[in-house]
Every structure is written in structure tokens, then in C-alpha cells.
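Heads up: the sequence shown is residues 0 to 308, going by numbering that gives the first Met the number 0. Below: one structure, written as C-alpha cells.
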Amino acid sequence: MAFKVGVQNGLSVTRALLSLFLGTATASGQEVPNGWSARPPEHVEALRRQGADLPLSERIEHLSAAFLGADYRLDPIGEWRLPDPDPPARYDSFDCLIYVEEVLALAMAADALQVPQTRHALRYLGEDHSYQGRKHFMELQWIPDNIATGWLVDVTASLGPTVSLSREINPDDWARWTGRSSIKLTDEQLPTGTMQLEVLPIAKALTSFERIEPGSVVFSVHQDRVDKPIWISHVGFAVENASGGLSLRHASTKRGGKVHDLSFSAHLANLANAYEHWPMLGIVVLQPQEQGPRRALLTSGQVKERPQP
């Protein structure tokens with residue numbers, strides 16, 4: 000689905016407070032081009048540095064845990080300008096996709112300067128860092144582009160027999176979609192083409208989910224419906240819980256609307272039973288990819304140091 004829509008109330012107050020929080024100049028009304036100055040505040044950067052030399056999966060678990068209990072808020076970010084003038088980053092509230100993007104940006108960036116660059120690479124198509132350039136749609140934009148650019152790898156098929164979804168999306172599909180008005184794009188700006196996914200059905204996932212690597216990104220996929228040009232409605236991280244099992248860590252409207260952990264078996268049970276109006280099909284699992292050598296990898300021998308000339 001399109002995860003990021005709408006403009007928040009109290010915008011002027013929010014922008015003034017967040018300008019102090021993020022260290023930007025927006026309190027005076029000055030526009031921040033493309034949000035490139037939205038580096039993490041010091042307390043978040045301290046957390047990033049603390050886990051900087053861990054393997055990627057552990058960095059994701061470490062950083063995602065820091066935001067447990069944060070409020071759920073639909074579409075908390077934007078580009079500082081219309082049609083979505085919210086800030087490009089914030090750390091007090093998230094929706095499910097923004098939570099995943101921000102944790103990945105913090106975990107994959109080599110330093111604070113690279114955090115906004117990584118965020119933009121995950122969130123936008125090419126160099127168009129505008130609302131129109133945002134990867135609003137998981138199936139046609141976010142997933143295929145972030146796989147093609149090397150940020151993630153689809154590992155769904157390694158978990159068991161999958162079901163193939165394939166569908167051609169054209170302007171007529173968008174015209175009859177009831178969610179069309181929530182997306183501030185012209186008809187010409189809406190993506191078209193073939194969307195394809197390999198989906199692990201819920202029944203298969205119930206017997207194989209423990210093989211999912213911690214730190215993986217897990218999408219909830221609905222059955223295809225002719226009146227909906229989307230399949231995905233939710234995303235979160237697979238993380239190891241205290242008992243050694245697997246949980247889904249996600250920003251959700253459930254449990255008081257907070258970032259929280261839910262046992263993976265309970266998550267799959269919810270998928271199987273909670274969507275009578277639009278039944279779920281299963282899950283898609285993407286594995287984030289290390290973007291360069293880290294001290295932990297060099298020490299473990301997973302990456303060899305280059306010989307000095």
C-alpha cells in the first residue's frame with residue numbers, strides 16, 4: 000500500500016520544535032533543500048556509534064530496540080515543502096515503513112553524514128528527492144528499486160515453496176482504487192507496469208518462520224483483488240526475542256499505537272484471521288545487505304583487509 004500520505008495538524012508548531020530537535024533552520028521559515036541536513040540528533044547518533052562495529056543484523060536489532068514504545072503516527076515525515084511539508088526525519092513517532100527506513104538508514108550508514116544519504120537512497124527514486132520521487136508503492140517502486148540498487152535481497156524462496164503474484168497495473172487500476180485521493184500525485188505520476196512478488200503462504204510460514212534471519216525486513220501481503228492495485232499493507236523487522244525465538248518488531252496501531260514486539264507466531268495467526276474483508280496471502284522477506292567493510296567483519300575474517308602497497 001502507499002504508507003505515507005496526509006499532512007499533520009499543528010504543522011507550524013511541529014516544524015519549530017523539530018527544527019531545534021534536528022538542528023535545522025526551519026524555525027525561521029528557511030527551506031531545507033531535500034532534507035539533507037536532517038542528520039540524527041546527538042542521542043540517536045550516540046546509539047548508532049555504540050553499535051557501529053556490530054554485524055548488520057545486530058545493528059538493526061540494537062537500533063530498532065531504541066525506539067520501542069515510540070508512538071505510531073501515519074506519515075510523520077515529508078520534504079519540508081508541499082504537498083507534504085513535514086520534516087524528512089523524526090525519532091519520536093513512526094509509521095511502519097518510516098520506522099523500517101530510519102532504522103535501516105542508521106544501521107547501514109558508515110557515519111552521521113551518510114544517514115540522510117542512505118535514507119534518501121532507500122526512500123526516493125534516483126536523485127528526485129521530492130514527494131513525487133518518493134517510492135510510495137511497495138510492489139512497483141520500493142521493493143524492486145531497493146533490490147536493484149543492492150540495499151536488500153529477496154530471500155523469501157529460501158524459506159519454503161512460494162506462490163507467484165504477477166499483475167500489470169495501468170491507469171484504470173488507479174482510477175478505481177478507493178485510496179487514490181490519499182496520494183498527492185497526478186494521474187500521469189502514478190506508476191504503471193508489472194508488479195511481481197514471490198510470497199511465502201501463511202501456512203508454510205508457520206512451519207518455517209524460525210529460519211528467518213534476525214534483521215530481515217518482513218512484509219505482509221494480501222491476496223490480489225481487482226479493485227486494489229497494491230498487495231502489501233504492513234512491514235517490520237524480524238528480531239530475536241529473549242527466549243531465543245523470533246518476533247516481529249514494528250510500528251503499529253495495535254497495543255496502544257506504539258512500536259512494539261510481537262511473537263512471530265502471533266503475527267502469522269493475526270494475518271490468518273484478522274482480515275476477512277481482504278484476506279492475507281503470506282509474507283515476503285528481504286535481507287538487508289552490508290554496504291562496506293566493518294571492523295566486526297574484518298575481525299571475524301568475513302572480509303579480508305586489502306594488502307598495503
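For glycine and all other residues, C-beta sits at the position ideal for the given N, C-alpha and C.
For isoleucine 201 and alanine 104, the rounded distance between their alpha carbons
Working through the sequence shown from its first residue, we reach residue 104 at position 105. Working through the sequence shown from its first residue, we reach residue 201 at position 202. Going from the Cα of alanine 104 to the Cα of isoleucine 201 covers about 29 Å.
Of all the options Trp176, Thr185, Pro190, Pro160, which has the alpha carbon lying nearest to the alpha carbon of leucine 205?
On the sequence shown, position 206 is the one that residue 205 refers to. The shortest Cα separation from leucine 205 among Trp176, Thr185, Pro190, Pro160 belongs to Pro160.
The region 251 to 258 touching the region 271 to 288, judged by at least three CB pairs closer than 8 Å
no
State yes or no: is the C-beta of serine 92 within less than 7 Å of the C-beta of arginine 122?
Your numbering for residue 92 matches position 93 in the sequence shown. Your numbering for residue 122 matches position 123 in the sequence shown. For serine 92 and arginine 122, no; Cβs fall outside 7 Å.
Starting from aspartate 85, trace the beta strand (DSSP E) in both directions and tell me its first and last residue.
The residue given as residue 85 occupies position 86 in the sequence shown. Here aspartate 85 belongs to no beta strand (DSSP E), and DSSP marks it neither H nor E.
Please go through the same chain and pick out, in chain order, the residues whose beta-carbon is closer than 7 Å to the beta-carbon of serine 246, but skip the five residues on each side of it.
As a first step, residue 246 is located in the sequence shown; it is residue number 247 there, counting from the start. The residues are Val238, Asn240, Asp260, Leu261, Ser262, Phe263.
The ligand COA and aspartate 172: does the residue's C-beta get closer than 6 Å to at least one heavy atom of that ligand?
For the ligand COA, the structure offers nothing, since it holds no ligand at all.
Where does aspartate 94 land, buried or exposed, given buried means 16+ other C-beta within 10 angstroms?
As a first step, residue 94 must be located in the sequence shown, where it is residue number 95. Answer is buried; the Cβ neighbour count reaches 16.
Tell me which residue opens and which closes the beta strand (DSSP E) that glutamate 167 is part of.
For the purposes of this step, residue 167 is taken as the residue at position 168 of the sequence shown. Segment 162 to 168, the beta strand (DSSP E) holding glutamate 167.
In whole angstroms, what is the alpha-carbon distance linking glutamine 221 and alanine 108?
Looking up residue 221 in the sequence shown gives position 222. Looking up residue 108 in the sequence shown gives position 109. A small fix is needed here, since residue 221 is histidine in this sequence, not glutamine. So the alpha carbons of these two residues sit roughly 32 Å apart.
Whole beta strand (DSSP E) runs in the region 108 to 161 with 3 or more residues, listed along the chain?
151 to 153
By the three-class DSSP mapping on this structure, what secondary structure does histidine 233 have?
What you label residue 233 is simply residue 234 of the sequence shown in a count that begins at 1. It is a strand residue.
Tell me whether glycine 235 is buried or exposed, calling it buried when 16 or more other Cβ atoms sit within 10 Å of its Cβ.
By one-based count along the sequence shown, residue 235 stands at place 236. The residue in question, glycine 235, is buried, as its Cβ has 16 or more Cβ neighbours within 10 Å.
Is the beta carbon of proline 190 sitting closer than 7 Å to the one on glutamine 140?
Locating residue 190 in the sequence shown gives position 191, counting from the first residue. Locating residue 140 in the sequence shown gives position 141, counting from the first residue. In this structure, glutamine 140 lies closer than 7 Å to proline 190 by Cβ.
Proline 170 burial status per 10 Å Cβ neighbour count (16 or more: buried):
Along the sequence shown, one-based indexing puts residue 170 at 171. Exposed is the call here.
Buried or exposed for leucine 151, going by 16 or more other Cβ atoms inside 10 Å?
The sequence position of residue 151 within the sequence shown is 152, counting from 1. Its Cβ being crowded by 16 or more others within 10 Å, leucine 151 is buried.
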